[in-house]
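**Q**
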Amino acid sequence: MLDRQKSDGSISDRDLMVQVAAGDRRAFEQLARRHAAAILRLTRAVTGQAATAEDALQQTLLSVYQSASAFRAESSVRTWMLTIARNAAYRIRAKSDRQSLVEERLMELGLGAGWGSGDPETIALAAERKDTLLRALSTLSVQDQEALILRDIEGLQASEAAALLGIGERALKSRLHRARLRLAAALRRESEMSASAQEGPQL
Amino acid sequence: MNEKTVAGLQCSEVLALLSEYLDHELDSAMVERVEGHLLGCPNCERFGRSFGSMVVSLRRDSIASESVDSELVMRLLTQIDRLTTEA
Ligand SMILES: [Zn+2]
């Protein structure tokens, strides 16, 4: 290998990887030290927090260690590690997004939509009527309507809809979920109104 | 809503994941957990089923293929006419 020795006399990443794959703990340490800062910069940017960025770094190093023998020289070691790090950071971010989603009134949105109620079927029944569905849709905010129209009615992929709205895919998915819950709540209101207008159950 | 933990997930977590579940955006391990919860939690199962039907209704072809109100089209055309003749 041409790059066995770097100009400063240190061993190359690729040679380190070979040693790590063979179970060399010290080679792994050297590799980790060499790239930790770059990984932290990236994971920090993704998760937005020092603590979770460090979690991502830890997960990255673990998978580098465990899958060292799977490394193929198609990319540089650095790129490979950064790819793993980025994936780890996004997984962590997705998890914390989900957690904050629960905190941010998601349960209230769910309750409004009939989650845990005695008649959750109301939303499915109301949605079967196109006029009711469109009326309920029209009562939502523009943001909610956009998400529902692009994803559910027009059938765009999440990535396409996100790009179109100029937001990230995660944000799009979160917005869509909330919009659907608000639509469900609107459908319940619509069906209550039409029930009271007609004085009795309707089919 | 009394929160239960079934298959390692709380009801509120299932609520948060429902759209991603319906849209096939969860990894297989998470799908398994959500489905495990739905099997053991009638509350979430009933709501999830109804919520899913709502999304299916929304995705019906008839809404996407709905044409624009002809009155609106006429109005727009009239406006365009006016604009172009004024110019
Ligand atoms: Zn449940």
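Sequence order for the protein chains is A and B.
Heads up, the first sequence is in the numbering used here, so the first residue is 1 and it goes up one at a time.
Heads up, the second sequence is in the numbering used here, so the first residue is 204 and it goes up one at a time.
Idealized CB from N, CA, C, for every residue including glycine.
With DSSP run on the structure shown, which of helix, strand or coil describes residue 212/B?
**A** Three-state result, residue 212/B: strand.
**Q** Closer than 6 Å: is that where the CB of residue 205/B sits relative to any heavy atom of ligand 1?
**A** Result no, Cβ not under 6 Å from ligand 1.
**Q** How should residue 159/A be labelled, buried or exposed, when 16 other C-beta atoms within 10 angstroms of its C-beta is the threshold for buried?
**A** Burial call: exposed.
**Q** Can you tell me where the alpha helix (DSSP H) holding residue 173/A begins and where it ends?
**A** Residues 169-198.
**Q** Using only the alpha-carbon positions, how far apart do residue 70/A and residue 21/A sit?
**A** Those two C-alpha atoms are separated by around 8 Å.
**Q** Strictly under 7 Å for the Cβ-Cβ distance: is residue 271/B near chain A by that measure?
**A** With a pLDDT of 49 at residue 271/B, under the threshold of 50, the modelled position of that residue is not reliable, and no figure is offered here.
**Q** Along the chain, where does the alpha helix (DSSP H) that runs through residue 243/B open and close?
**A** Where residue 243/B is concerned, the enclosing alpha helix (DSSP H) stretches over 231-243.
**Q** When you compare each of 15/A, 176/A, 59/A and 108/A to residue 87/A by their alpha carbons, which one comes out closest?
**A** The residue with the shortest Cα to Cα distance from residue 87/A is 59/A.
**Q** Taking 6 Å as the cut-off, is the CB of residue 246/B close to at least one heavy atom of ligand 1?
**A** Yes, Cβ of residue 246/B sits closer than 6 Å to a heavy atom of ligand 1.
**Q** What residues from chain A crowd round residue 296/B, counting only those whose CB sits closer than 7 Å?
**A** The displayed coordinates of chain B run from 204 to 290. Any statement about residue 296/B would go beyond what the structure contains.
**Q** Which of the three DSSP states is assigned to residue 255/B in this structure?
**A** Residue 255/B falls in the helix class under three-state DSSP.
**Q** Using DSSP with H/G/I as helix, E/B as strand and the rest coil, what is residue 115/A?
**A** If DSSP states are grouped into helix, strand and coil, residue 115/A belongs with coil.
**Q** Please say whether residue 127/A and residue 215/B have beta carbons closer to each other than 7 Å?
**A** No, Cβ-Cβ distance for residue 215/B and residue 127/A is not below 7 Å.
**Q** When burial is assigned at 16 or more other CB atoms within 10 Å of the CB, is residue 120/A buried or exposed?
**A** Result: buried.
**Q** Please specify which runs of the alpha helix (DSSP H), each continuous and at least 4 residues long, are wholly inside the region 17-61 of chain A, giving them in chain order.
**A** Complete alpha helix (DSSP H) runs here, min 4: 25-47.
**Q** For residue 16/A, I'd like the list of residues in its chain whose CB is within less than 7 Å of its CB, leaving aside the five on either flank, ordered along the chain.
**A** 27, 30 and 31.
**Q** Closest by CA to residue 94/A, which one among 73/A, 173/A and 197/A?
**A** Closest by alpha carbon: 173/A.
**Q** Can you grab the Cα-Cα spacing for the pair residue 123/A / residue 252/B, in whole Å?
**A** Straight-line Cα distance between these residues: approximately 10 Å.
**Q** Compare the C-beta of residue 210/B against all C-beta atoms of chain A and say whether one is closer than 7 Å.
**A** No - not a single Cβ of chain A is within 7 Å of the one on residue 210/B.
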